[in-house]
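Participant:
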Amino acid sequence: MHHRVRGAVLGTIAVLFVPRVAAAQEDPTGTASPTADAAPTAVPAASASPETPMTISEPGFSWHPFGFLRLQYRVVRNDPNVAFVGRDDGFELQNARLGVHGALGRRVKYTFAIDGAVDERQQINVPEGKLRVGLRDAYGDVAVSGSIAVRAGFFETLVDPDLDDDTQREFVDRPIESRGVRATEGYQTPGLPPGRSLGAALRLDPGPDMTGTDGPRIGFELAVQNGADEYASNNDNDTPAASASVFVRLPKRSWVVASARFNRRTDGELPFRRDEDDLQASFGARVAAGPVGFGAGAVVVRTTFPSTGGPVENAYGAHAQILIRVEGRQPLAFGYRFGILDPSSLFLTDRVMEHTVGAVLGVPALHMRLQLQVTHVAEQGARNLTNDRAQIAAELSL
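Right, here's the structure in full:
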């Protein structure tokens, strides 16, 4: 009896196990099986916004992941009189972006992305922050007529004149009018553009001229979004913000953009809330002339206070830059950028100017870029600080 049971058990094991072992062995025809060791495939070129998505099994559906990491080492001079300026030299994670581009047929596209390097601080001018994960993009585009599409979700409009992708900018950080003054680099001040928000837009984007042979391509964007801050889950009142942009794409990744935006913003806590009407205009341009590239941007904001009748507040910021490119297997670019930010006309001593020199080295074989920049910061006399800084950054793209 025991011999029969043992024979049945061994027979069952043989039936279940032997076919799996045989399936894992090398294909007798000489073709490697999916689990066998194979020669590594060539690594594709890095792309911040992939143009050719990877098709999967579902008909008409395609998707492509993207992402990048940016790590910097920052050194800020310690101001002898202001305790929160400097004194935190070290590594900083600028971006830990991961997302996906997708499409359903030829009419529907979508983008979703998160970032694990959102710097969260309890209040302004706090020396230490906490990293958290935040939503960066979550929107879909539906083509309605030709290249005209409707976009809806959480996205950034063209009101920010800095149209360069994070993986394409030549300097370690964005222009001062877009990013503001960060904590510990000076008196913390937000940037002037509104950032991302929930809403919808009618857009025409002809796409960049990759060949350099086509003429100017004109596009536009008409957007309606919530007027609250970037990470607000809903609007701050009953009136959405409206913006309109016109842009021209030129050969060699050159472009010009102009925008206007109105936002009736509500600020404060109940019962002391007040309305603020923000009227904003912006302009940006980038022109390539051989190995030399020129760039500029400007943002102006006029704020009135209808509920309190307070004085009108004006703010402005701008930058101009020039870069020289040296092509090769490891392309190099170096240049200079001037930036200025005056966040409020109601304060006479808050204007900041920056003089930045920097360089960026591309390493396409490793999907990497290395960046170096040195910035001299000049505040107005009454708020003068010792806060010049140097930054080294490394970027790795998927």
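What the sequence shown shows, in this note's numbering, is residues 98 to 495, in sequence order. Backbone N, C-alpha and C fix where the C-beta goes; we use that ideal spot for every residue, glycine too. On a predicted model such as this, the values are computed, not experimentally measured, just so you know.
#1: Please state the DSSP three-state secondary structure of Ser404.
#2: I'd like the ranges of any beta strand (DSSP E) spanning at least 3 consecutive residues and lying wholly in the stretch 272-320.
#3: Using only CA atoms, which one of Arg279, Gly455, Val409 and Val353 lies nearest to Asp185?
#4: Could you tell me the alpha carbon to alpha carbon distance between Asn481 and Val409, rounded to whole angstroms?
#5: Could you give the distance in angstroms between the alpha-carbon of Ile315 and the alpha-carbon of Val343?
#6: Let me know the secondary structure DSSP gives Asp485 once reduced to three states.
#7: Could you tell me which residues DSSP puts in a beta bridge with Asp196?
#8: For a test of the three-state rule: what should DSSP assign to Leu347, helix, strand or coil?
#9: Please report how far the alpha carbon of Thr254 lies from the alpha carbon of Thr208, in whole angstroms.
#10: Which residue wins for smallest C-alpha separation from Val398, given the options Gly407, Gly406, Asn411 and Ala180?
#11: Less than 9 Å between CB atoms is the rule here; does Leu347 satisfy it with respect to chain B?
#12: Do the stretch 452-472 and the stretch 487-494 touch if we need at least three Cβ pairs shorter than 8 Å?
#13: Quick test of your reading: Leu190 and Leu232, contact by CB under 8 Å. State the CB separation rounded to the nearest angstrom.
#14: May I ask you to report which of helix, strand or coil DSSP gives Ala249?
#15: Between Val172 and Gly392, what straight-line distance do the alpha-carbon atoms span, to the nearest angstrom?
#16: What residue does the beta strand (DSSP E) around Asp374 start on, and which one ends it?
#17: Asn192: buried (16+ other C-beta within 10 angstroms of its C-beta) or exposed?
#18: Glu217 to Gly226, Cα distance in whole Å?
#19: CB Phe380 to CB Val345, shorter than 9 Å?
#20: Quick check: the stretch 327-343 against the stretch 238-248, are there 3 or more CB pairs under 8 Å?
#21: Do three or more CB pairs link the stretch 255-273 to the stretch 159-175 at distances below 8 Å?
#22: With a Cβ-Cβ cutoff of 9 Å, do Asp507 and Ser275 count as a contact?
#23: Which value, in whole angstroms, describes the spacing of the CA atoms of Gln285 and Gly387?
#24: Alpha carbon to alpha carbon, how far is His198 from Lys206? Give it in angstroms, no decimals.
#25: Apply the 10 Å Cβ neighbour rule to Val241 and answer buried if 16 or more other Cβ atoms are within range, or exposed otherwise.
#26: Going by DSSP, name the residue or residues bridged to Thr472.
#27: Among residues of its own chain, excluding the 5 on either side of Gly187, which ones have a beta-carbon nearer than 8 Å to its beta-carbon?
#28: Below 9 Å between beta carbons: does that hold for Arg434 and Ala456?
#29: Compare the C-alpha of Gly324 against each of Ile273, Leu376 and Glu451 and name the closest.
#30: Quick one: residues in its chain with C-beta nearer than 8 Å to the C-beta of Phe359, no 5 flanking neighbours on either side, listed in chain order?
#31: Under the assumption that Glu424 contacts Gly283 (Cβ atoms under 8 Å), give the Cβ distance between them as a whole number of angstroms.
#32: Could you check the C-alpha separation between Arg348 and Phe444 for me, to the nearest Å?
#33: Name the DSSP beta bridge partners of Glu189, please?
#34: Considering only the alpha carbon of each residue, which of Gln265, Ile211 and Tyr413 lies closest to Pro440?
#35: For Asp485, collect the residues of the same chain with a Cβ closer than 7 Å to its Cβ; drop the 5 residues on either side in sequence, then sort them by chain order.
#36: Could you tell me which residues DSSP puts in a beta bridge with His464?
Facilitator: This is what the structure holds:
#1: Coil, per DSSP.
#2: The stretch 272-320 contains these whole beta strand (DSSP E) runs: 293-301.
#3: A check of alpha carbon separations from Asp185 across Arg279, Gly455, Val409 and Val353 identifies Arg279 as the nearest.
#4: A direct Cα-to-Cα measurement between Asn481 and Val409 gives close to 26 Å.
#5: Roughly 7 Å between the two C-alpha positions.
#6: Coil.
#7: The sequence shown places Gly at residue 196, rather than the Asp named in the question. Looking at the DSSP assignment, Gly196 forms a beta bridge with Phe163 and Ala210.
#8: Of the three classes helix, strand and coil, the one that applies to Leu347 here is strand, per DSSP.
#9: Roughly 14 Å between the two C-alpha positions.
#10: The option with the nearest alpha carbon to Val398 is Asn411.
#11: Given the protein chain composition of this structure (a single chain), no chain B is represented.
#12: Short answer: they touch.
#13: About 17 Å; that fails the 8 Å criterion.
#14: Correct three-state label for Ala249: strand.
#15: In a straight line, the C-alpha of Val172 is about 26 Å away from that of Gly392.
#16: Looking at the DSSP string, the run of the beta strand (DSSP E) that includes Asp374 is Arg371 to Ala386.
#17: Around the beta carbon of Asn192, 16 or more other beta carbons sit within 10 angstroms, so the residue counts as buried.
#18: Answer to the nearest angstrom: the Cα atoms are 5 Å apart.
#19: In this structure, Val345 does not lie closer than 9 Å to Phe380 by Cβ.
#20: Cβ pair count under 8 Å is below three, so no.
#21: These segments touch.
#22: Here the chain covers residues 98 to 495 and nothing more, so residue 507 does not appear.
#23: Just so you know, the alpha carbons of Gln285 and Gly387 end up roughly 38 Å apart.
#24: Their Cα atoms are separated by approximately 7 Å.
#25: Label assigned to Val241: exposed.
#26: Looking at the DSSP assignment, Thr472 forms a beta bridge with Thr453 and Arg486.
#27: Answer for Gly187: Tyr170 and Arg171, listed in chain order.
#28: Result no, Cβ atoms of Arg434 and Ala456 do not sit closer than 9 Å.
#29: Nearest C-alpha to Gly324 among Ile273, Leu376 and Glu451: Leu376.
#30: The residues are Ala338, Ala339, Ser340, Asp374, Asp375, Leu376 and Gln377.
#31: About 36 Å separates the two Cβ atoms, so there is no contact after all.
#32: Checking the displayed sequence, the identity of residue 348 turns out to be Pro instead of Arg. Computed Cα separation, rounded: 42 Å.
#33: Per DSSP, Gln169.
#34: Answer by Cα proximity: Tyr413.
#35: In chain order, Arg174, Thr472, His473 and Val474 place their CB closer than 7 Å to the CB of Asp485, counting only its own chain and leaving out the 5 sequence neighbours on each side.
#36: DSSP output for His464 lists no bridge partner at all.
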